[in-house]
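The structure appears below as structure tokens.
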Amino acid sequence: MQKLAPHKVIPGNRPSNTLVVERISPRRLGALVAMYEHKVFVQSVIWGTNAFDQWGVELGKEMGKAVYQRLTGGTEEPADDASTQGLINYFRGRHRG
1 MQKLAPHKVI
11 PGNRPSNTLV
21 VERISPRRLG
31 ALVAMYEHKV
41 FVQSVIWGTN
51 AFDQWGVELG
61 KEMGKAVYQR
71 LTGGTEEPAD
81 DASTQGLINY
91 FRGRHRG
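Going left to right, the sequence shown walks through residues 1 to 97 as full-length UniProt numbering numbers them.
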């Protein structure tokens, strides 16, 4: 798969950030989004990559839909990795009545 369609493979085991907050204002959320967009752009310039690669965006959407199904109870299948499953368990535990 890697050789045939490298844009369809996410190798995993990469650092990531997850922010969990009780309340956030529109101004702070906007600042956070702007900071991450700028970070991604600057990294792409330094690394010489295309930060706006549509294949990667589409794969991210597919993965996001799968996580959403797990969060909302649409499927009970475990996530593909322990980190994502831990976050799903955390949010499901906090947001189920």
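Don't be surprised by glycine CBs; every beta carbon is placed ideally from N, CA and C.
Beta-carbon gap between SER25 and SER83 smaller than 9 Å: Within the sequence shown, numbered from 1, the residue matching residue 25 stands at position 25. Within the sequence shown, numbered from 1, the residue matching residue 83 stands at position 83. In this structure, SER83 does not lie closer than 9 Å to SER25 by Cβ.
Three-pair Cβ contact test at 8 Å for the stretch 85 to 94 versus the stretch 26 to 37: No, because fewer than three Cβ pairs between the stretch 85 to 94 and the stretch 26 to 37 fall closer than 8 Å, the two stretches do not touch.
DSSP three-state assignment for THR84, whether helix, strand or coil: Sequence index remark: in the sequence shown, residue 84 carries index 84 (1-based). Three-state DSSP puts THR84 in a helix.
Inter-residue CB distance, ALA31 and PHE41 (contact presumed, cutoff 8 Å): Within the sequence shown, residue 31 is the residue found at index 31, counting from 1. Within the sequence shown, residue 41 is the residue found at index 41, counting from 1. Rounded, the Cβ-Cβ distance is 16 Å, inconsistent with contact.
Range covered by the alpha helix (DSSP H) that runs through VAL42: Locating residue 42 in the sequence shown gives position 42, where the first residue counts as 1. Residues 26 to 47.
Residue closest to LYS8, alpha-carbon to alpha-carbon, out of SER44, GLU58, THR75: Locating residue 8 in the sequence shown gives position 8, counting from the first residue. Closest option to LYS8, Cα to Cα, is GLU58.
Reduced DSSP category for ALA51 - H, G, I as helix; E, B as strand; rest coil: Here residue 51 refers to the residue found at position 51 when the sequence shown is read from its first residue. Three-state result, ALA51: coil.
Own chain residues within Cβ distance below 8 Å of TYR90, not counting five before or after: Taking the sequence shown and counting its residues from 1, one reaches residue 90 at position 90. Only VAL20 meet the Cβ criterion.
Between the CA atoms of PRO78 and SER44 - distance to the nearest angstrom: On the sequence shown, position 44 is the one that residue 44 refers to. On the sequence shown, position 78 is the one that residue 78 refers to. Roughly 32 Å between the two C-alpha positions.
Own chain residues within Cβ distance below 7 Å of THR18, not counting five before or after: For the purposes of this step, residue 18 is identified with residue 18 of the sequence shown, where counting begins at 1. Excluding sequence neighbours, THR18 sits near LEU87.
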